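K.L.:
Input: one structure, supplied below.
Residue numbers (our numbering): 6 to 254.
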């Protein structure tokens with residue numbers, strides 16, 4: 006069944022209008038027409054089965070047959086991610102969405118090669134959100150990660166929800182990832198640094214915020230690979246591979 010995204014503020018009780026982009030995809034790419042049954046989600050766990058009532062190229066109208074709510078599986082897994090080069094950060098966001106990350110906090114670390122001007126932040130964040138939406142549509146998720154505004158590392162560390170906090174770093178005495186997990190934590194947060202790793206000051210801020218240094222093995226991983234590694238391990242350990250999809254009804 007084809008799946009489409011309608012943001013929460015555009016959701017109505019019995020009828021929905023797809024955005025121009027989603028409408029073009031439905032009509033021109035998928036060749037759907039009136040009477041087609043589709044699934045719609047709003048990224049917060051609300052899902053509906055709907056029928057296409059009108060099929061204009063710029064505005065498709067849907068009539069809701071039934072709707073239900075999906076809760077994110079627990080514990081939630083959060084990610085702090087230092088900026089890396091363009092498409093690699095988009096790839097990180099895509100995979101983090103697929104693996105069910107509850108939130109992603111981009112940070113401008115001292116050693117981040119990529120710098121985003123303040124005037125470009127809103128545009129870049131909108132692009133990241135679209136990357137996340139497309140990933141969710143493809144892999145069946147109905148709950149999107151919250152993508153926070155770009156922040157300084159120390160602010161992101163302090164904003165971390167209660168629970169387990171791990172920071173992979175090039176520390177010989179870091180705890181092995183397999184020894185990090187404990188039964189039923191309220192949440193988990195991983196902080197992934199840039200190429201060149203966190204600075205000593207950033208590590209000090211992380212330790213002060215309750216983060217545990219983690220050792221990911223004998224190989225030095227790129228930032229996006231490290232993010233995928235820890236999210237995959239945590240998802241498998243706590244969710245049995247269920248990711249952030251939740252339970253359908």
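We put the beta carbon where it would ideally sit given N, CA and C, even for glycine.
These figures come from a predicted structure and were not determined experimentally.
Assign residue 83 to one of two classes, buried (16 or more other C-beta atoms within 10 Å of its C-beta) or exposed (fewer than that).
P.N.:
Translated into positions along the chain shown, residue 83 becomes position 78. Buried: at least 16 other Cβ atoms inside 10 Å.
K.L.:
In whole angstroms, what separates the C-alpha of residue 209 from that of residue 176?
P.N.:
Here residue 209 refers to the residue found at position 204 of the chain shown. Here residue 176 refers to the residue found at position 171 of the chain shown. Rounded to the nearest angstrom, the two C-alpha atoms are 13 Å apart.
K.L.:
Which runs of the beta strand (DSSP E) spanning at least 3 residues fall entirely within the stretch 169 to 215, listed in chain order?
P.N.:
169 to 173, 192 to 197, all fully within the stretch 169 to 215.
K.L.:
Please classify residue 146: is it buried, with 16 or more other beta-carbons within 10 angstroms of its beta-carbon, or exposed?
P.N.:
The residue you call residue 146 lines up with position 141 of the chain shown. Residue 146 should be labelled buried.
K.L.:
Could you tell me the boundaries of the beta strand (DSSP E) in which residue 66 lies?
P.N.:
Numbered from its first residue, the chain shown carries residue 66 at position 61. First-last of the beta strand (DSSP E) with residue 66: 65 to 74.
K.L.:
Taking residue 66 as the reference, which of 124, 45, 81 has the closest Cα?
P.N.:
As a working note, residue 66 is residue 61 in the chain shown. It is 45.
K.L.:
Could you please give me the residues that DSSP links to residue 57 through a beta bridge?
P.N.:
Position 52 of the chain shown, counted from the first residue, corresponds to residue 57. Residue 57 is bridged to 67.
K.L.:
Please state whether DSSP places residue 83 in a helix, a strand or coil.
P.N.:
Position 78 of the chain shown, counted from the first residue, corresponds to residue 83. Residue state, collapsed to three classes: strand.
K.L.:
Tell me residue 48's beta-bridge partners as DSSP assigns them.
P.N.:
Position 43 of the chain shown, counting from 1, holds the residue named residue 48. Residue 48 pairs with 148.
K.L.:
Would you call the CB atoms of residue 232 and residue 140 closer than 8 Å?
P.N.:
Counting from 1 along the chain shown, the entry for residue 232 is found at position 227. Counting from 1 along the chain shown, the entry for residue 140 is found at position 135. The answer is no: Cβ separation not under 8 Å.
K.L.:
In three-state DSSP terms, what is residue 119?
P.N.:
Walking along the chain shown from the start, residue 119 turns up at place 114. Reduced to three states, the DSSP call for residue 119 is coil.
K.L.:
Considering only the beta carbon of each residue, do residue 157 and residue 112 sit closer than 8 Å?
P.N.:
Here residue 157 is taken as the residue at index 152 of the chain shown, counted from 1. Here residue 112 is taken as the residue at index 107 of the chain shown, counted from 1. Cβ atoms of residue 157 and residue 112: closer than 8 Å.
K.L.:
Considering only DSSP beta bridges, list what residue 218 is partnered with.
P.N.:
Your numbering for residue 218 matches position 213 in the chain shown. DSSP output for residue 218 lists 172 as bridge partner(s).
K.L.:
Are the stretch 226 to 242 and the stretch 89 to 104 touching, with three or more C-beta to C-beta distances below 8 Å?
P.N.:
With a cut-off of 8 Å, the stretch 89 to 104 and the stretch 226 to 242 count as touching, because enough Cβ pairs lie within range.
K.L.:
Suppose the cutoff is 8 Å on Cβ atoms and the five residues either side in sequence are ignored; what does the same chain contact list for residue 48 look like?
P.N.:
Counting from one through the chain shown, the residue named residue 48 turns up at place 43. Only 10, 12, 13, 138, 141, 147, 148, 149 meet the Cβ criterion.
K.L.:
Mapping DSSP to helix, strand and coil, what is residue 153?
P.N.:
The residue you call residue 153 lines up with position 148 of the chain shown. DSSP places residue 153 in coil when its eight states are reduced to three.
K.L.:
For residue 112, which residues does DSSP report across the bridge?
P.N.:
On the chain shown, position 107 is the one that residue 112 refers to. Beta-bridge pairing links residue 112 to 87, 156.
K.L.:
Using C-beta distances below 6 Å, list every residue in its chain close to residue 186, excluding the 5 sequence neighbours before and after it, in chain order.
P.N.:
In the chain shown, residue 186 corresponds to position 181, counting from 1. Around residue 186: 242.
K.L.:
Given this structure, state the Cα-to-Cα distance separating residue 86 from residue 184, to the nearest angstrom.
P.N.:
For the purposes of this step, residue 86 is identified with residue 81 of the chain shown, where counting begins at 1. For the purposes of this step, residue 184 is identified with residue 179 of the chain shown, where counting begins at 1. Their backbone Cα atoms lie some 22 Å apart in a straight line.
K.L.:
Tell me which residue opens and which closes the alpha helix (DSSP H) that residue 238 is part of.
P.N.:
On the chain shown, position 233 is the one that residue 238 refers to. Segment 228 to 244, the alpha helix (DSSP H) holding residue 238.
K.L.:
Roughly how many whole angstroms lie between the Cα atoms of residue 53 and residue 40?
P.N.:
Residue mapping note: residue 53 aligns to position 48 of the chain shown, counting from 1. Residue mapping note: residue 40 aligns to position 35 of the chain shown, counting from 1. Roughly 15 Å separates the two Cα atoms.
K.L.:
What separation, rounded to the nearest whole angstrom, lies between the Cα atoms of residue 116 and residue 26?
P.N.:
The residue you call residue 116 lines up with position 111 of the chain shown. The residue you call residue 26 lines up with position 21 of the chain shown. Going by the C-alpha atoms only, they are around 37 Å apart.
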